[in-house]
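Q: Numbering-wise (our numbering), the sequence shown opens with residue 2 and increments by one. Starting off with a structure, shown below.
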Amino acid sequence: MELETYTEQITVQDTDVDYRGLMKPSALLRYAEQLATANSCQKGFDAEYFCRLHLAYLLGKQALRFDRVPRKDEKLLFTSIPERSRRAANKRVTLVQDGAGETVALVDARWILVDTQEGRILRRPPEQLDTAWNLEVPYELPQTVGKPAELKTAGVWKASYSLCDVNGHINNACYLDIACDALPLEVIQAGPLRSVSVKYHREVLMGQSMEVLYGPGEQGGWYVAGRRDGQLAFELICRQ
């Protein structure tokens, strides 16, 4: 079965890597989101299209896995593979390969289409939009985020200018940077994160604040969450 895909070759920049010279998880998610937007525009579904129909795609959850963490200056082939709506969510997988054609990373994102006028999830997307994507995409990553019994506070984070995107709230990828900053330094120094599953519960608008908490995961790894006004804004599980 031939899949509908969108590809770009991307060079890992200085701004994409950590102190080890290895790609940050947040950079991988930013590229995946960038390709999703480019693919949509290529199909004729640009910002004007969504604005005219009062529609918007929001990320409900996503997961990533590094088979090998890319290094600075590596040239990578990113392939974005979109799936039609299932249970009110569109799966979009981003496959990342190195110069030898080996898979080095995978992102499995679940996008939710919403009616911006009525503020509700659109269960039936416009046919023109939905039929542009694949019936099924044969890739999947675990999306479960188990919550530990005990959590420690890492402090309060403000949705500052540098964290917010064109929508005026903390960018989805930035939550991974926040999580890495919240975890004890010795955890980060033990090795790069190789897998993350994250759920987005409610946006944090520019100027708002959230308390960030963390604790050891139920089945290994680390759990990190943000609470705005006492309610979950995001939560994730990450492993090395």
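Don't be surprised by glycine CBs; every beta carbon is placed ideally from N, CA and C.
1. When you compare the segment 160-176 with the segment 127-144, are there three or more beta-carbon pairs, one atom per stretch, that lie closer than 8 Å?
2. Are S254 and R240 closer than 8 Å when you measure CB to CB?
3. Under 8 Å by Cβ, that's how I've got K44 and A133 pegged, so tell me the actual separation to the nearest angstrom.
4. Below 8 Å, how does it come out for the segment 71-86 and the segment 16-31: are there three or more Cβ pairs, yes or no?
5. Across which residues does DSSP place L78 in a beta bridge pair?
6. Between which residues of its own chain and E84 is the CB-CB distance below 8 Å, once the five residues before and five after are set aside?
7. Out of A39, R229, D178, which one is the CA nearest neighbour of R203?
8. For I238, which of E119, E34, T145 has the nearest alpha-carbon?
9. Measure the C-alpha to C-alpha separation of L77 and A28 and round it to an integer number of angstroms.
10. How about L194 and Y140: do their beta carbons lie closer than 8 Å?
11. Give a single yes or no on whether T154 has its beta carbon closer than 7 Å to a heavy atom of the ligand COA.
12. Here's the rule: buried if 16 or more other CB atoms are within 10 angstroms of the residue's CB, otherwise exposed. What is I122?
13. Would you identify the three-state DSSP class for A191, choosing helix, strand or coil?
14. What is the DSSP secondary structure of N91, counted as helix, strand or coil?
15. Rank T8, G222, D131, L65 by C-alpha distance to the C-alpha of Y58 and give the top, closest one.
16. Would you call the CB atoms of Y215 and L152 closer than 8 Å?
17. Answer yes or no: do T80 and L96 have a C-beta to C-beta separation smaller than 8 Å?
18. For the beta strand (DSSP E) containing I238, list its first residue and its last residue.
19. Beta strand (DSSP E) containing I179: first to last residue?
20. Grab the span of the alpha helix (DSSP H) containing F51 for me, first residue to last.
21. What's the C-alpha gap between G192 and Q118?
A: For this structure:
1. Counting Cβ pairs under 8 Å, fewer than three are found: no touch.
2. Residue numbering for the chain in the displayed model covers 2 to 241; residue 254 lies beyond these limits and cannot be assessed.
3. One-based indexing of the sequence shown puts residue 44 at position 43. One-based indexing of the sequence shown puts residue 133 at position 132. Contact between K44 and A133 is confirmed by a C-beta separation of about 5 Å, below the 8 Å threshold.
4. These segments touch.
5. Taking the sequence shown and counting its residues from 1, the one referred to as residue 78 is at position 77. According to DSSP, L78 bridges with Q10, Q98.
6. Start at 1 with the first residue of the sequence shown, and residue 84 comes out as number 83. N91, K92, R93, V94, W134, N135, L136, E137, V138.
7. For the purposes of this step, residue 203 is taken as the residue at position 202 of the sequence shown. With distances taken between Cα atoms, R203 lies closest to R229.
8. On the sequence shown, residue 238 is found 237 positions in, with the first residue counted as 1. Comparing Cα-Cα distances from I238 to each of E119, E34, T145, the minimum goes to T145.
9. On the sequence shown, residue 77 is found 76 positions in, with the first residue counted as 1. On the sequence shown, residue 28 is found 27 positions in, with the first residue counted as 1. Each residue's alpha carbon lies about 13 Å from the other.
10. Position 193 of the sequence shown, counted from the first residue, corresponds to residue 194. Position 139 of the sequence shown, counted from the first residue, corresponds to residue 140. Taking 8 Å as the Cβ cut-off, L194 and Y140 do not qualify as a contacting pair.
11. In terms of ligand content, the structure shown is empty, and the ligand COA therefore cannot be addressed.
12. Numbered from its first residue, the sequence shown carries residue 122 at position 121. Taking all protein chains in view, the Cβ of I122 is surrounded by fewer than 16 other Cβ atoms within 10 Å, so the residue is classified as exposed.
13. The residue given as residue 191 occupies position 190 in the sequence shown. Correct three-state label for A191: coil.
14. Walking along the sequence shown from the start, residue 91 turns up at place 90. The answer is strand: DSSP assigns N91 an E or B state.
15. One-based indexing of the sequence shown puts residue 58 at position 57. Of the candidates T8, G222, D131, L65, D131 places its Cα closest to the Cα of Y58.
16. Here the question's residue 215 lines up with position 214 in the sequence shown. Here the question's residue 152 lines up with position 151 in the sequence shown. A contact, by the Cβ cut-off of 8 Å.
17. Translated into positions along the sequence shown, residue 80 becomes position 79. Translated into positions along the sequence shown, residue 96 becomes position 95. Annotated as proximal: T80 and L96, with beta-carbon spacing under 8 Å.
18. Here residue 238 corresponds to residue number 237 of the sequence shown, with the count starting at 1. I238 -> beta strand (DSSP E) spans 232-240.
19. Within the sequence shown, residue 179 is the residue found at index 178, counting from 1. Per DSSP, I179 belongs to no beta strand (DSSP E); it is in the alpha helix (DSSP H), 175-183.
20. On the sequence shown, residue 51 is found 50 positions in, with the first residue counted as 1. Element bounds for F51: 48-53.
21. For the purposes of this step, residue 192 is identified with residue 191 of the sequence shown, where counting begins at 1. For the purposes of this step, residue 118 is identified with residue 117 of the sequence shown, where counting begins at 1. Between G192 and Q118, the alpha-carbon positions lie close to 45 Å from each other.
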